[in-house]
DNA sequence: AGTACTATTGTTATTTTTCACAATAAGGAC
DNA sequence: GTCCTTATTGTGAAAAATAACAATAGTACT
Ligand SMILES: [Mn+2]
Ligand SMILES: [Mn+2]
Ligand SMILES: [Zn+2]
Ligand SMILES: [Zn+2]
């Protein structure tokens, strides 16, 4: 059977005493299928279609759990609120503070920095979804033209 | 008078129509004096000693405002909850997922990456308090010795 | 000092997120 | 399949964070 990789990961966690509940599977599946950032309540809504009386509490708890196990990524995307995403592909984000326009940054760009920090501190870093902020070219232009 | 730099910044904001309220000054002062990460409720508590009936709402609002204006920094420090800090010195953080041990990373370490991203994307980045996660040397050791 | 304008505050209500605890069900052993 | 252990769930309540709106008070101007 061709189960998605994240479900396989979840199965593997049983060796450590964790359990593969339908709630967990559903949440993971939602994130896999969407492949985008989702808020806890969006996840609750979508997963709730498969699991009749899924609780928000359970969603929060499992997002926490799955994030700790490295199956999902947390993103702080400016808005203040946290969103989640499948950990399928490693990438980071760059957001414009003004207009909200965003660009993905794939992990290779950060690799040299990660290596540098690892060498310097002895930590083993994990590639956890960093968000950078700045001003996009368009917005920077507007600022400049406004000046004169 | 030797007012702290951040109060000067706040004064400067009046040119843009913003106001320097005692609540704002108190919040900023608390962060300056502590020089550490503080949660909104801690800030409310401390600033409340100067401003008799300061509201939590006002604290949240002003932390938001001050962050947007670049006077305070937001940090996502693993715990899930957000903490704030004076923007006096530019630095970033590295946390151990296991034991919580943390190291400061000063911004020079990231400067090459920032330049790289700026060149590649055209964005002008701001140096906003990035938090990295990983496993510290001690915890990595324990993991290894446990294996055998 | 007094006035006018409006950014900011406190109040109240709502939403989002976390907690504690008893009831449930996943997974291993037989 | 049945039994046992305990990780995980739902429930109910608390805490943290946000929103709407009228009352307040900074600031510029006279
Ligand atoms: Mn992402
Ligand atoms: Mn910091
Ligand atoms: Zn922009
Ligand atoms: Zn550690």
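Residue numbers (the working numbering), protein chains in the order written: chain C, 4 to 151; chain D, 4 to 151.
Note that CB positions come from ideal geometry on N, CA and C, so glycine has one too.
(Q) Measuring only the C-alpha atoms, how far is residue 144(D) from residue 73(C)? (A) Those two C-alpha atoms are separated by around 20 Å.
Q: In angstroms with no decimal places, state the Cα-to-Cα distance between residue 120(C) and residue 109(D).
A: Each residue's alpha carbon lies about 11 Å from the other.
Q | residue 104(D) versus residue 18(D) - alpha carbon distance | A | A straight line joining the alpha-carbon of residue 104(D) with that of residue 18(D) spans about 42 Å.
**Q.** alpha helix (DSSP H) runs wholly inside the region 69–137 of chain D, at least 4 long, in chain order
**A.** Counting whole runs of 4 or more residues, the region 69–137 of chain D contains the alpha helix (DSSP H) stretches 114–124.
Q. Excluding sequence positions up to five away, which residues of its chain have a Cβ less than 7 Å from the Cβ of residue 12(C)?
A. Taking residue 12(C) as the centre and dropping the five residues before and after it, the same chain places the C-beta of 74 closer than 7 Å to its C-beta, in chain order.
Q: State yes or no: is the beta carbon of residue 143(D) nearer than 8 Å to at least one beta carbon in chain C?
A: Cβ-Cβ to chain C under 8 Å: yes for residue 143(D).
Q. Where does residue 16(C) sit, in a helix, a strand or coil, going by DSSP?
A. Helix.
Q) Just checking my contact of residue 137(C) with residue 68(D) at CB under 8 Å: how many whole Å lie between their CB atoms? A) Between residue 137(C) and residue 68(D) a beta carbon distance of about 20 Å is seen, past the 8 Å cut, so the two are scored as non-contacting.
Q.
I'd like the list of long-range same chain contacts for residue 35(D), defined as Cβ closer than 6 Å, with 5 residues on each side in sequence excluded.
A. Apart from sequence neighbours up to five positions away, the residues of its chain that approach residue 35(D) with a beta-carbon distance below 6 Å are 7, 9, 89, ordered along the chain.
(Q) So that I know if they touch, is there some Cβ in chain D lying closer than 8 Å to that of residue 13(C)? (A) False, the Cβ-Cβ gap to chain D never drops below 8 Å.
Q. With residue 43(D) and residue 57(D) assumed to form a contact (beta carbons below 8 Å), what rounded beta-carbon distance in angstroms separates them?
A. Not confirmed; about 12 Å, so no contact.
Q) Is residue 98(C) near residue 80(C), with beta carbons less than 8 Å apart? A) Annotated as proximal: residue 98(C) and residue 80(C), with beta-carbon spacing under 8 Å.
Q) Comparing the C-beta of residue 42(C) with each C-beta of chain D, is any distance below 8 Å? A) Taking Cβ atoms only, chain D never reaches closer than 8 Å to residue 42(C), which makes this a no.
Q.
Let's test the definition: count the other Cβ atoms within 10 Å of the Cβ of residue 22(D) and tell me whether it reaches 16, buried, or not, exposed.
A. Residue environment analysis places residue 22(D) among the exposed positions, since fewer than 16 neighbouring C-beta atoms fall within 10 angstroms of its C-beta.
Q: Can you say whether residue 150(D) is buried or exposed, counting buried as having 16 or more other CB atoms within 10 angstroms of its CB?
A: Confidence in residue 150(D) is poor, its pLDDT being 49 and thus under 50, which makes the residue's placement too unreliable to answer from.
(Q) Contact defined as beta carbons within less than 8 Å: I believe residue 33(C) pairs with residue 49(C). What is the distance between those atoms, to the nearest angstrom? (A) The pair is a contact, with the Cβ atoms about 5 Å apart (cut-off 8 Å).
Q: Would you list the residues sitting across from residue 31(C) in a DSSP beta bridge?
A: In the DSSP secondary-structure assignment, residue 31(C) is not bridged to any residue.
Q) Short check: CB of residue 96(D) to CB of residue 114(D), under 8 Å? A) Between residue 96(D) and residue 114(D), the CB-CB gap reaches or exceeds 8 Å.
Q | Assumed close pair residue 116(C), residue 116(D) - CB separation to whole angstroms, cut-off 8 Å | A | Rounded, the Cβ-Cβ distance is 5 Å, consistent with contact.
**Q.** Neighbourhood of residue 133(C) by C-beta distance below 6 Å, restricted to the same chain and skipping five residues each side
**A.** So the list reads 95, once near-sequence residues are dropped.
Q: On a CA-only basis, which of 102(C), 15(C), 129(C), 118(C) is nearest residue 100(D)? Give me that one, please.
A: Each of 102(C), 15(C), 129(C), 118(C) was checked against the Cα of residue 100(D), and the nearest Cα belongs to 129(C).
Q.
With H, G and I counted as helix, E and B as strand and the rest as coil, what does DSSP make of residue 66(C)?
A. Secondary structure of residue 66(C) (DSSP, three-state): helix.
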